[in-house]
Amino acid sequence: MIDSKRKAIIFLTLSFILAVVAAGVILVQISQAQERLGETVKVAAAAGEIKSYHEIKSSDIKWIELPKNSAYQSFITDEEKLKNVISLVDIKEDDILTGTLIREKVNIPADERVVWLNATEIVLIDQGVVEGDQVDIIVSREIDKKVETKRLLSNVPVVQIETPDDKPEEGPAQRVKISLSVEEAEKLIHYQNFAKQIRVLRVNQVADDKETTQGVSTEAKKETEVKKEEKPKEQQKETQAKDAKKEDSKKTTPAAEQKKQNNGQ
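Throughout the sequence shown, residue numbering follows numbering that gives the first Met the number 0, covering 0 to 264 in sequence.
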């Protein structure tokens with residue numbers, strides 16, 4: 000009886016200790032969860048409606064607090080990230096701003112100039128473009144009563160787009176600004192005044208990137224082929240050098256033996 004009572008007391012004591020430890024762990028976890036829920040972070044949101052390709056200013060932004068555990072990494076929490084940026088899409092009031100909705104404005108080098116390409120009867124924009132796109136400029140002009148069409152400029156960066164409020168956002172109503180060197184700007188302005196027609200064609204940059212990648216891979220393949228061709232030549236030279244050394248050693252051996260015989264005599 001005494002042994003069974005001891006066992007029961009020991010069992011109850013251990014159970015009580017384990018229950019206290021478990022309760023302490025649960026209380027600690029609950030307090031940590033409450034602290035996490037209590038922590039907040041300020042994220043940027045639209046103070047009003049923001050149109051696409053609009054330069055974002057401080058008046059367009061308001062800061063709202065969200066629980067830290069519900070704030071995604073794409074949310075903008077740093078005011079520095081909103082300097083010198085434009086919106087890529089239409090943003091409604093109270094929408095939270097993310098890195099995918101904005102981008103930095105295109106910086107123009109000091110040795111380049113910005114030229115307008117207003118859509119007119121002469122200047123035709125075949126496809127809508129946005130800031131950051133690249134375009135080709137095709138010019139048709141008359142020389143000696145013959146019409147000549149050629150590509151005047153290639154892969155020209157678009158730095159700004161303006162669309163009148165009473166016009167559609169894409170098509171001939173667009174006013175495109177492009178960045179050119181001084182010499183290229185002079186040529187384009189001349190053709191804007193005297194050419195029969197100027198066409199603005201958007202460049203498929205994805206295709207260009209693929210072609211560049213293919214070109215790099217082709218060059219790498221050529222280099223590996225050249226290295227493979229050079230290896231047998233190097234091996235052949237090494238074998239020839241070894242054979243020459245063996246022949247020299249054969250020639251020197253009889254001469255050394257003859258010297259030994261003479262010394263012995």
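Backbone N, C-alpha and C define an ideal beta-carbon position, used for all residues, glycine too.
Cβ-Cβ separation between residue 45 and residue 79: approximately 18 Å, too far for a contact (criterion under 8 Å). DSSP places residue 84 in the strand class (E or B) of the three-state scheme.
Looking only at 58, 117, 95 and 59, the smallest Cα-Cα distance to residue 74 is reached by 95. Taking each of 60, 104, 71 and 64 in turn and checking the Cα distance to residue 90, the smallest one comes out for 60. Counting only runs of 4 or more residues that sit fully inside the region 43-84, no alpha helix (DSSP H) segment turns up. Every beta strand (DSSP E) stretch that sits fully inside the region 84-151 and reaches 3 residues is listed by chain position as 84-86, 101-103, 111-117, 122-124 and 133-142. Contact annotation: residue 132 and residue 200 have beta-carbon atoms that are not nearer than 8 Å. The C-beta distance from residue 188 to residue 156 rounds to 18 Å, too long to fall under 8 Å, and the pair is not in contact. In this structure residue 128 does not touch residue 195 by the C-beta definition: roughly 22 Å separates them, more than the 8 Å allowed. According to the DSSP secondary-structure assignment, residue 31 is paired through a beta bridge with no residue.
For residue 195, no beta strand (DSSP E) run applies, since DSSP gives it neither H nor E.
Here residue 16 is exposed. Its C-beta has fewer than 16 other C-beta atoms within 10 Å. Within the same chain, 52, 53, 54, 55, 101, 102, 104 and 130 come within 7 Å of residue 85 by CB-CB distance, once the 5 residues on both sides are set aside. Here residue 137 is near residue 198, since their CB atoms are less than 8 Å apart. Between residue 41 and residue 62, the C-beta spacing is below 8 Å. About 18 Å separates the beta carbons of residue 65 and residue 99, which is beyond the 8 Å limit, so they are not a contact pair.
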